[in-house]
Amino acid sequence: MTLYIIVIALIIFLEIKFDFFTKNFKKIFKEKSTEKIIVFSVLIFIIIFSASLGSNQIAKFLKYNPKYVGKPLFKNFYGPYLYFKFLFLKVSSKNPTLNNIYLINTAIFCLLSTPILLYMAKKSDNDLDTHGSARWATISEWEEAGLISPPGKFTDGVILGIVKKRLFGKVRYIIENLKTHIALIAPSRAGKGTGVIIPTLLNWLGSVFVLDMKGENYQITAGYRKHALKQTILKFKPYGLEDSISYNPLAEVRIGTAYEVKDATIIADILTDPGEGKKRDHWDMSATALFIGLILHVLYMRRREGKIGTFGDIVDFLTLTDKTLEQNFIDLMEYKHLEDYSVWNDIYDSSQMKGINSGTHPIVARTAAEILNKDERERASVISTVMAKLSLFKDPIIRKNTSRADFRIKDLMDYKNPVSFYIVVEAEQMDTLSLLLRILVTQTIGILAPEMDFSSDKPIHKHKMLFLMDEFPAFGTIPLFEKALAYIAGYGMKALIIAQALNQIKKNYGDRNSVFDNCATTVFYSPTPLDTETPKQISEMLGDKTIKVKNRSYKAFQIGSSNISESNQARRLLTPEEVRNKVAGKWNIISVTGLYPRIGVKLEYFREKYFKSKTHKVYGIPKTDYLTNEILSDIKTINTTTDFMKEEEDNKLDKRIREEFLENIESENIELEDIDEIDDFEDYETTNEERDGMLNTLYSDEGLVDPEEDF
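The numbers in the sequence shown follow our numbering, run straight up by one, and end at 730.
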């Protein structure tokens with residue numbers, strides 16, 4: 020009887036102290052999860068085990084007399100029912116031996132169930148929310164959101180990390196394929212390339228737009244995307260002497276349409292942008308107007324020759340030595356851009372056409388007149404500003420690689436098969452090339468994400484596309500990109516923005532920018548010691564949890580007299596110091612809007628058989644493809660990008676490869692023995708046992724804990 024009183028007292032204590040039998044017990048078990056099912060099953064097992072043990076002791080004491088114990092389940096083994104049958108009879112109280120059996124089995128039950136009850140009490144204590152309810156997400160919660168791949172399989176999307184491996188289970192991956200954007204904040208050499216960029220390029224099935232620093236991503240992933248995924252591969256290397264497509268920004272200006280001034284203005288605004296949030300001054304605005312006129316002039320001029328105008332043509336116009344610059348502008352006012360200029364009557368009103376020579380473009384003529392009417396010093400300053408912005412296009416390599424239209428931007432999402440577009444740039448070239456890259460990104464968004472058409476439920480484009488913007492701050496400020504993040508997902512575009520620190524984004528877009536706000540998923544690697552802003556923002560983003568704090572007070576002049584009180588207080592789920600020190604090395608923090616955050620394990624693709632079987636060591640390094648190789652053009656082909664939507668898909672993606680890629684990571688039957696030795700860090704081989712051990716030990720390293728537990 021004493022032990023029964025102890026058990027009842029324990030239950031009353033837990034109810035009074037933790038209030039979870041009336042409040043939190045339902046909270047613990049109201050949602051399905053592996054952990055909760057296991058806890059409940061263990062409790063049931065303990066009850067059945069204790070009762071069965073007691074039943075067989077009772078049967079033995081009664082010498083298995085069928086009159087008292089009935090028939091066994093099988094030879095001399097009885098179920099738990101005997102224990103409860105005699106529990107409510109007075110036989111046990113009159114027989115010391117039988118009473119001892121009940122006492123011993125009750126003690127066994129208490130011994131086994133107490134840790135479970137205390138664990139439940141701890142879980143109840145962790146569910147306090149008076150000062151905050153922040154916690155780590157469970158695997159089941161992220162499974163329901165579609166963020167964790169099935170065991171041993173891959174799904175389409177951006178790979179962000181590894182989930183802790185369950186006992187006897189397969190490795191599972193955190194793969195984000197939501198119709199939202201991702202921000203990855205990781206310092207240099209933190210593993211973002213081996214953990215996110217390369218695995219994603221070996222997994223994403225749609226088109227990709229990749230800023231590829233040093234060309235490593237192209238080298239490792241282009242072969243697989245070309246030969247296995249049957250994609251068109253485009254490599255634009257602005258400073259490349261060979262094996263690079265040419266990108267002519269002026270080819271995307273839709274001359275002969277009502278959009279020609281708008282398209283030219285977009286380019287001119289980027290060229291004259293003062294940067295870093297500065298306002299445009301008089302010289303910038305005057306230079307913009309001059310750029311618009313010169314862009315339209317060279318496009319119409321070259322059209323007469325069956326070609327497309329280039330930035331090199333503008334440089335030539337401003338630097339020709341056979342005439343004075345003033346005479347060039349005088350000639351511009353009389354240049355005959357079109358023989359049949361009736362097309363302009365539908366674009367420009369009569370006041371804009373008034374006083375313009377027949378066949379001369381009205382905007383070009385008025386731009387020339389505006390320059391000629393300026394004071395000589397002012398004119399020289401405006402032209403000097405324009406020439407400074409065009410200095411990049413004086414380089415013969417850049418001029419060559421911007422002289423043709425080897426592809427059209429619409430091809431990226433509307434070609435007959437998905438397109439992998441790699442922009443290969445060396446780190447030291449980013450400052451020089453940022454102007455050209457800003458034009459490319461802005462045109463891509465402007466052309467692929469125009470005004471939304473809701474007249475049809477069908478997708479606007481044939482293929483979805485991932486913007487993989489490594490070293491995003493190096494582009495400089497792209498105003499349209501910041502605004503477009505709010506709506507380009509509706510066009511099938513997904514952005515993966517990568518920066519080394521939050522301060523880099525704030526420097527370009529200001530403290531109140533919306534770049535970070537429009538990324539529903541954020542991934543953080545451990546910041547550098549000098550980065551104090553990022554840990555603070557991570558800590559603030561994770562929020563507060565509620566903890567119990569005990570306070571002991573003493574009475575003066577009364578030795579041994581004290582009072583202990585408890586109070587609930589708020590505590591950051593992770594403090595800035597814990598972000599810097601505990602979440603380091605092999606870990607990353609992943610936050611998704613609408614879900615609790617989770618700590619993931621960094622992926623290293625060169626340790627994974629699945630990814631190693633898809634690198635250049637198996638598929639090689641392909642040459643770039645060319646879609647148009649177009650120098651010659653007439654006004655119709657300049658007007659709109661080639662429309663591939665109506666073409667028959669005679670080169671569809673191999674269904675067998677696609678299905679195997681999505682459904683079974685082992686189905687390609689590529690053995691590691693067939694892979695050449697991988698140089699440098701890639702030659703590190705791990706056995707299955709080493710791989711299992713590596714993942715299991717990640718959660719026992721010094722200073723690190725299971726993501727499902729609080730720090």
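Quick reminder that beta carbons are idealized off the backbone N, C-alpha and C, glycines included.
Since the structure is predicted, the reported quantities are computational estimates derived from the model, not experimental observations.
Can you name the residues that DSSP bridges to G180? Locating residue 180 in the sequence shown gives position 161, where the first residue counts as 1. DSSP lists I193 as partners of G180.
Going by DSSP, which residues form a beta bridge with M232? Taking the sequence shown and counting its residues from 1, one reaches residue 232 at position 213. Per DSSP, V444.
Quick one: what's got a C-beta closer than 6 Å to A205's C-beta in the same chain, skipping five residues either side? In the sequence shown, residue 205 corresponds to position 186, counting from 1. The residues are K211 and Y544.
Residues in its own chain within less than 6 Å of E708 by CB, not counting five upstream and five downstream? Mapped onto the sequence shown, residue 708 falls at position 689. With a pLDDT of only 48 at E708, under the threshold of 50, the placement of this residue in the model should not be trusted, and no figure is reported.
What is the DSSP secondary structure of A202, counted as helix, strand or coil? Here residue 202 refers to the residue found at position 183 of the sequence shown. Looking at A202 - three-state DSSP - the assignment turns out to be strand.
Measuring CA to CA, which of T174, L456, H482 and I516 is closest to F494? For the purposes of this step, residue 494 is taken as residue 475 along the sequence shown, with counting starting at 1. Among T174, L456, H482 and I516, the Cα nearest to that of F494 belongs to L456.
Taking C-alpha atoms, which residue in Q250, Y319 and Y243 lies nearest to K435? As a first step, residue 435 is located in the sequence shown; it is residue number 416 there, counting from the start. Closest option to K435, Cα to Cα, is Q250.
Beta-carbon contacts of I216 that lie in its chain and below 7 Å, excluding the five residues immediately before and after: Counting from one through the sequence shown, the residue named residue 216 turns up at place 197. Excluding positions up to five away in sequence, the list reads N236, L487 and D489.
How would you label H301, buried or exposed, when you count the other beta carbons within 10 angstroms and need 16 or more for buried? Within the sequence shown, the letter at position 282 stands for residue 301. H301 is exposed by the Cβ-count criterion.
Between the beta-carbon of R170 and the beta-carbon of K189, is there less than 8 Å? As a first step, residue 170 must be located in the sequence shown, where it is residue number 151. As a first step, residue 189 must be located in the sequence shown, where it is residue number 170. Rather than Arg, the amino acid found at residue 170 in this sequence is Pro. Contact flag set, yes.
Let me confirm a value: A70 is counted as buried when at least 16 other C-beta atoms fall within 10 Å, else exposed. Which label applies? Translated into the one-based positions of the sequence shown, residue 70 becomes position 51. Classification for A70: buried.
By the 10 Å Cβ neighbour count, where 16 or more other Cβ atoms means buried, how is K46 classified, buried or exposed? In the sequence shown, counting from the first residue as 1, residue 46 sits at position 27. Because the pLDDT of K46 is 49, which lies under 50, any placement of that residue in the model is unreliable, and the question is left without a value.
Which partner residues of L487 appear in the DSSP bridge assignment? The residue you call residue 487 lines up with position 468 of the sequence shown. Per DSSP, V229 and L515.
Output the boundary residues of the alpha helix (DSSP H) element that contains W606. By one-based count along the sequence shown, residue 606 stands at place 587. Counting along the chain, W606 falls outside any alpha helix (DSSP H), though it belongs to the beta strand (DSSP E) covering W606 to V611.
Whose C-beta lies closer than 7 Å to the C-beta of L313 among residues of the same chain, with five residues either side of it excluded? As a first step, residue 313 is located in the sequence shown; it is residue number 294 there, counting from the start. Closer than 7 Å at Cβ, skipping near neighbours: I333 and F336.
Taking just the CA atoms, how far does M304 sit from I416? Start at 1 with the first residue of the sequence shown, and residue 416 comes out as number 397. Start at 1 with the first residue of the sequence shown, and residue 304 comes out as number 285. Their Cα atoms are separated by approximately 29 Å.
With a threshold of 6 Å on Cβ separation, who are the neighbours of N522 within its own chain once the five nearest residues in sequence on each side are excluded? Within the sequence shown, the letter at position 503 stands for residue 522. Excluding sequence neighbours, N522 sits near E552.
Among all the DSSP beta bridges, which residues are the ones paired with I252? Locating residue 252 in the sequence shown gives position 233, where the first residue counts as 1. Beta-bridge pairing links I252 to S439.
Residue range of the beta strand (DSSP E) that includes P617: Sequence index remark: in the sequence shown, residue 617 carries index 598 (1-based). Per the sequence presented here, residue 617 reads as Arg, with Pro not at that position. Where R617 is concerned, the enclosing beta strand (DSSP E) stretches over R617 to V620.
Starting from F500, trace the beta strand (DSSP E) in both directions and tell me its first and last residue. Translated into the one-based positions of the sequence shown, residue 500 becomes position 481. Not the beta strand (DSSP E): F500 falls in the alpha helix (DSSP H), residues P498 to A503.
Within its chain, find whatever has a CB closer than 6 Å to the CB of K665; leave out the 5 residues flanking it on each side and keep chain order. Within the sequence shown, the letter at position 646 stands for residue 665. Note that K665 has pLDDT 33, beneath the 50 cutoff, so the model's placement of it is unreliable and the number below is only indicative. Hits under 6 Å: none found.
What's the gap between the Cα of I178 and the Cα of R299? By one-based count along the sequence shown, residue 178 stands at place 159. By one-based count along the sequence shown, residue 299 stands at place 280. Those two C-alpha atoms are separated by around 41 Å.
Look at the alpha carbon of N570 and the alpha carbon of K555, and state the distance between them as a whole number of angstroms. Along the sequence shown, one-based indexing puts residue 570 at 551. Along the sequence shown, one-based indexing puts residue 555 at 536. Going from the Cα of N570 to the Cα of K555 covers about 28 Å.
Cα-Cα, which of L130, V611, S168 and K198 is closest to Y510? Here residue 510 refers to the residue found at position 491 of the sequence shown. Residue K198 is the option with its Cα nearest to Y510.
Cβ-Cβ distance between A241 and I640 below 8 Å: If you number the sequence shown from 1, residue 241 lands on position 222. If you number the sequence shown from 1, residue 640 lands on position 621. Cβ atoms of A241 and I640: closer than 8 Å.
Going by the CB atoms, is the gap between G465 and I10 shorter than 8 Å? Residue 10 is absent from the structure shown; the chain starts at 20 and stops at 730.
Put T276 into one of helix, strand or coil per three-state DSSP. Taking the sequence shown and counting its residues from 1, the one referred to as residue 276 is at position 257. Three-state DSSP puts T276 in coil, outside helix and strand.
Whole-angstrom distance between N95 and I123, CA atom to CA atom: On the sequence shown, position 104 is the one that residue 123 refers to. On the sequence shown, position 76 is the one that residue 95 refers to. About 21 Å.
In whole angstroms, what is the alpha-carbon distance linking I557 and L248? What you label residue 557 is simply residue 538 of the sequence shown in a count that begins at 1. What you label residue 248 is simply residue 229 of the sequence shown in a count that begins at 1. Answer to the nearest angstrom: the Cα atoms are 37 Å apart.
Between the alpha carbons of K413 and G331, how many angstroms are there, rounded? Here the question's residue 413 lines up with position 394 in the sequence shown. Here the question's residue 331 lines up with position 312 in the sequence shown. Looking at the two C-alpha atoms, the distance is approximately 7 Å.
For T463, report the span of its alpha helix (DSSP H) as first-last. By one-based count along the sequence shown, residue 463 stands at place 444. Counting along the chain, the alpha helix (DSSP H) containing T463 begins and ends at M449 to L467.
Under a three-way DSSP split, which group does V602 fall into? Working through the sequence shown from its first residue, we reach residue 602 at position 583. In the structure shown, V602 sits in coil (DSSP, three-state: anything other than H, G, I, E or B).
Length of the line joining the Cα atoms of Q519 and S369: By one-based count along the sequence shown, residue 519 stands at place 500. By one-based count along the sequence shown, residue 369 stands at place 350. Q519 and S369: Cα-Cα distance of roughly 53 Å.
Quick check on the DSSP output: the beta strand (DSSP E) that includes F543 runs from which residue to which? As a first step, residue 543 must be located in the sequence shown, where it is residue number 524. Note, F543: beta strand (DSSP E), T540 to F543.
Under DSSP, the alpha helix (DSSP H) around H480 begins and ends at which residues? Here the question's residue 480 lines up with position 461 in the sequence shown. Note, H480: premise wrong, no alpha helix (DSSP H); not H, not E.
Looking only at C-alpha atoms, which of T461, D433 and K526 sits nearest to I479? Taking the first residue of the sequence shown as position 1, residue 479 is located at position 460. Ranking the options by Cα distance to I479, first place goes to D433.
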